[in-house]
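Protein chains in written order, with my numbering: chain W, -10 to 314; chain R, -17 to 243.
Even for Gly, the Cβ is constructed at its ideal location relative to N, Cα and C.
Treat the numbers as computed from the prediction; the structure is a model and nothing was measured.
So the structure is just underneath, and the comments pick up after that.
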Amino acid sequence: MPVELMRESWPGKIFTVTIGATAAEGGTRARTVTVGGHAALPFLPGDAPSPHRPLVAMEVLDAVPPDWPEHLRGPLADVIGAPAEWARRCVDVYGADLICLRLQSPHPDWQDASPDAAAATVRAVLAAVPAPLIIVGCGHADKDNEVWPRVTEAAKGERCLVGVAVPENYKTLVVACLADGHTILAEAPIDVNIQKQLNILITEMGMPPDRIVLHPGNASLGYGLEYEYSIMERIRLAGLQGDKMLAQPMLAIVADEAWKAKEARLPETAMPVWGAAAHRGPAWEAATAAAFLQSGADIVVLLHPESVAAVKRAIADLTAVPAGT
Amino acid sequence: MFVIGERINGMFRSVARAIRERDANAIADLARRQVAGGAHALDINTGPTGEEPAEVMTWLVQTVQEAIDIPLSIDSPKPAVVAAGLRACRGRALINSTTGAQERLDALLPLAQEFGAGLIALTIDERGIPRNAAARAEIALAIVARAMETGLPTDHLYLDPIVLPVNAAQDQCREALAAMPTFRTLCEPPPHIIIGLSNVSQGTANRSLINRTYLAMAQACGCDAAILDPLDKDLMDVLRTAGILLNQEIYCDSYLQSQPA
């Protein structure tokens, strides 16, 4: 018996955001990526086919913490400390759609690296890979505000996605992104009202609403996933209902939180029933990412090559056109 | 809330002058300012004119379309003038308006069908203005039934419960509100519920205050469209705020600074 599927249509549409600029567009990227443009909830092509599939970004750190999990360190051991090499491997070997460069070393409690050093890292990574770049600061507001202008200038015209702007610290980054032609990553901590507020403040400074990507918080499987999931879903629903201040593509930084979970870190000796530790971390990362894809994430940021492969397979399966249609 | 700007109406002296002198800039400016104020569509009414009204309507529609690209509400008591406006209209249109009277439905339902236009329908009929909510609902039902017979999708209907001036028919303000929830139950998809807001304050001393108070009350009763003055900032702020309080838009501290959806 034929089943008639319920179809839903929405008055609003998610903004389309392009990251990266080719030579013709004033940058040096061999390719650009585009996200958003949705007129329906994710993976419901019957409601409205999405023009752009979700993307996998791989995180590259300019400095890793000493207690970085062993199974995360393993496959990357020879490129840790060499961000350009690390980025190149992510693109060439692991097939990352784009690179998310986290500039951790300028943090005063880490290496207190200079803004110039951070800018040099950005230049090196840009030179090493043809893919578009996401650049994330160290999270120390004062230091970020010193680093961001140098970094956006070093990547001028490359249309990077730069973050993260937070309600307490966004003005410097907005000005820097406007001056150097970048898009901004706006973060609110699992709070739809604050996310909307931040977007209004950013657009009031002259940033067009289609040059913002949302980062609605940090969580992982078992550690607040459902809160972030429901906030992302609520943001997407508001956007589809026509709220232009919540109609931006969304990004989820998955790796950081997923690898904090004890399930991802504990050795087999501590918890034998959990199975091989080498696979638990990637599984935790991939499962977290898969959930965020369902709630509307347009970009998931991952670390481990195994979870990248798993999430890329999941995206391919979810966006495949079913036989007979 | 679907906002139809009311300002391009020949009843306003400045608009009548612009029509007389074919001052396209003045009309275009008024159109742009209403859209900037938050209008989703603009009402176009020639007002009383010494000229051929169909010609004036055509000129107004063309002039407004040069300036902005949003739906237009073609407002005239004469079906021939409505038809002229619809023909000139490039995008989506609404017809303002039919009543429940057979003669008007016969003339305007086919036009709505032909042009794929929305149809504003006042709940009055040959017997005149109904005196209570039940009588409004009865006429609304007759209009919905006729629309369904004709094949006009029911969500193309904008039912107007008739708002009367508070200083002339004080008891009717409440009756119009009471009629709104009953309209929504008439069919699926439900019709839109629209009011001509400024009527409520006609001839009163506190027009803007009365308008915005009544608007919030109407929104709470399910009204989802209004013909009003989008240049009245206080009114538009109340409209956004009521939308927030009714959970139609997500709250944040600066919601009034953001562009309306």
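Check: Stretch-stretch touch, CB-based, cutoff 8 Å, three pairs: the region 54 to 74 of chain R with the region 21 to 31 of chain R; Outcome: yes
Check: Cβ contact check for the region 122 to 135 of chain R and the region 155 to 172 of chain R: 3 or more pairs under 8 Å; Outcome: yes
Check: Outcome for SER(-4)(R) when other beta-carbon atoms lying within 10 angstroms are tallied against a minimum of 16; Outcome: exposed
Check: Cross-chain neighbours of LEU190(W) in chain R, by beta carbon under 7 Å; Outcome: SER236
Check: Interfacial residues, the region 229 to 251 of chain W to chain R, with Cβ spacing under 8 Å; Outcome: GLN230, GLY231, ASP232, LYS233, MET234, LEU235
Check: Burial state of PRO58(W), where buried means 16 or more other Cβ atoms lie within 10 Å; Outcome: buried
Check: Alpha-carbon to alpha-carbon, ALA19(W) and LEU282(W); Outcome: 26 Å
Check: Where the beta strand (DSSP E) through TYR212(W) begins and ends; Outcome: Counting along the chain, TYR212(W) falls outside any beta strand (DSSP E), and DSSP gives it neither H nor E.
Check: ILE88(W): first and last residue of the uninterrupted beta strand (DSSP E) it sits in; Outcome: 87 to 91
Check: Helix, strand or coil at ALA83(R) according to DSSP, with G and I counted as helix; Outcome: coil
Check: Residues, ordered as in the chain, of the region 171 to 183 of chain W that lie near chain R by beta-carbon distance below 9 Å; Outcome: VAL181, ASN182, ILE183
Check: CB of THR80(R) within 8 Å of CB of LEU90(R), strictly; Outcome: yes
Check: Cut-off 6 Å between Cβ atoms - residues of its own chain near ALA94(R), not counting five sequence neighbours on either side; Outcome: ILE77, LEU101, LEU134
Check: Residue range of the alpha helix (DSSP H) that includes GLY185(R); Outcome: From DSSP, GLY185(R) is part of no alpha helix (DSSP H); its letter is neither H nor E.
Check: Cβ pair GLU274(W), VAL243(W) closer than 8 Å; Outcome: yes
Check: Residues near ALA279(W) in its chain [Cβ-Cβ closer than 7 Å; skip 5 each side]; Outcome: VAL300, ALA303
Check: Cβ shell of ARG72(R) (< 7 Å), same chain only, five flanking positions each side left out; Outcome: GLN47
Check: Secondary structure of VAL243(W), DSSP reduced to three states; Outcome: coil
Check: Beta carbon proximity, GLN186(W) to chain R, threshold 8 Å; Outcome: yes
Check: Spatial distance of SER(-2)(W) from ALA227(W) (CA atoms); Outcome: 13 Å
Check: Whole runs of the alpha helix (DSSP H) within the region 18 to 65 of chain R, excluding any shorter than 4 residues; Outcome: 35 to 49
Check: Sheet register partners of THR5(W) (DSSP bridge); Outcome: GLY25(W)
Check: CB contact flag (GLY128(W), GLY146(W), <8 Å); Outcome: no
Check: Backbone secondary structure at LEU228(R) - three-state DSSP; Outcome: coil
Check: Contact residues within the region 192 to 208 of chain W, judged by C-beta distance below 7 Å to chain R; Outcome: GLU193
Check: Buried versus exposed call for GLN154(R) [16 or more other C-beta atoms within 10 Å across all chains shown]; Outcome: buried
Check: CB contact below 8 Å: TYR233(R) versus chain W; Outcome: yes
Check: Residues, ordered as in the chain, of the region 31 to 54 of chain W that lie near chain C by beta-carbon distance below 8 Å; Outcome: Annotation note: the requested chain C is absent from the structure, which comprises protein chains W and R.
Check: Local conformation of ASN188(W) per DSSP, three classes; Outcome: helix
Check: Inter-residue Cα distance where the pair is SER240(R) and GLY264(W); Outcome: 51 Å
Check: Cβ-Cβ distance between ASP287(W) and PRO43(W) below 8 Å; Outcome: yes
Check: LEU104(R) - partner residues in DSSP beta bridges; Outcome: THR81(R), ASP142(R)
Check: Neighbour flag for GLN239(R) against chain W, beta carbons, 8 Å; Outcome: yes
Check: For HIS204(W): DSSP bridge partner residues; Outcome: GLU176(W)
Check: Distance between beta carbons of GLY67(R) and THR31(R), contact taken as under 8 Å; Outcome: Their Cβ separation, rounded to whole angstroms, is 14 Å, which puts THR31(R) and GLY67(R) out of contact at 8 Å.
Check: Any C-beta of chain R under 8 Å from that of ALA227(W); Outcome: yes
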